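Residue numbers (this note's numbering): 234 to 433. Think of the CB as a built atom: it goes at the ideal place given N, C-alpha and C, for glycine as much as any other residue. This structure is a prediction, so every number in the text was calculated from the model and none was measured.
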């Protein structure tokens, strides 16, 4: 919901940093893989009860997720880079709830519900992108991307906010997970209605 609104504010800064990284000879895919490794480490830290360390890893992961695109824009966008970026994103999105599930047995059910809605939002997102690519539809609302980014109530910014809240108040993980799962379900309905309206 807020991703497109925040882009004009954060992209200029990320692009400048991305140009500096590219000048050092570091490629976008390397930044993506580094972010995925840090995100995985964050999930493992949460699983072993080191929530504060996990929060640091979450924030670093998201920073690198923004910088890999900036480096790509400073050099060149590739289909493989777009593929690797979305896979790394979902490694992160799956890893954090799993970390909380391993941290406390009571978190298992809300984590499972949240992961189920993540699967549905991911499917709706990628299915929309596939149809948009087939029809030659493009958008720059989320910056220059390798494929179409469809908006919704629950996007990257909201997911980061939910994960940060989980780390700050781990005892409220279940409540936060169930509420955010509901927002994800609404997002799937939104995208389905958009597809029906635009392509039906």
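Whole angstroms are fine: how far does the CA of residue j sit from the CA of residue i?
i	j	result
residue 395	residue 410	8 Å
residue 272	residue 333	14 Å
residue 423	residue 257	42 Å
residue 390	residue 259	26 Å
residue 429	residue 292	36 Å
residue 306	residue 338	43 Å
residue 331	residue 280	8 Å
residue 283	residue 388	26 Å
Whose C-beta lies closer than 6 Å to the C-beta of residue i among residues of the same chain, with five residues either side of it excluded?
i	result
residue 329	276, 396
residue 269	321, 324
Taking the continuous alpha helix (DSSP H) assigned at residue i, which residues delimit it?
i	result
residue 343	341–368
residue 429	406–432
residue 259	It is not in any alpha helix (DSSP H) - residue 259 carries neither H nor E in the DSSP assignment.
residue 330	312–336
residue 299	284–307
residue 394	389–401
Please go through the same chain and pick out, in chain order, the residues whose beta-carbon is closer than 8 Å to the beta-carbon of residue i, but skip the five residues on each side of it.
i	result
residue 264	254, 297, 300, 301, 304
Kindly list the residues whose CB is nearer than 7 Å to the CB of residue i, restricted to its own chain and excluding five residues on each side of it in sequence; keep chain order.
i	result
residue 326	351, 392
**Asked** Quick check: the stretch 287–304 against the stretch 342–357, are there 3 or more CB pairs under 8 Å?
**Response** no
**Asked** Using 8 Å as the Cβ pair cut-off and three pairs as the minimum, do the stretch 300–315 and the stretch 351–367 touch?
**Response** no
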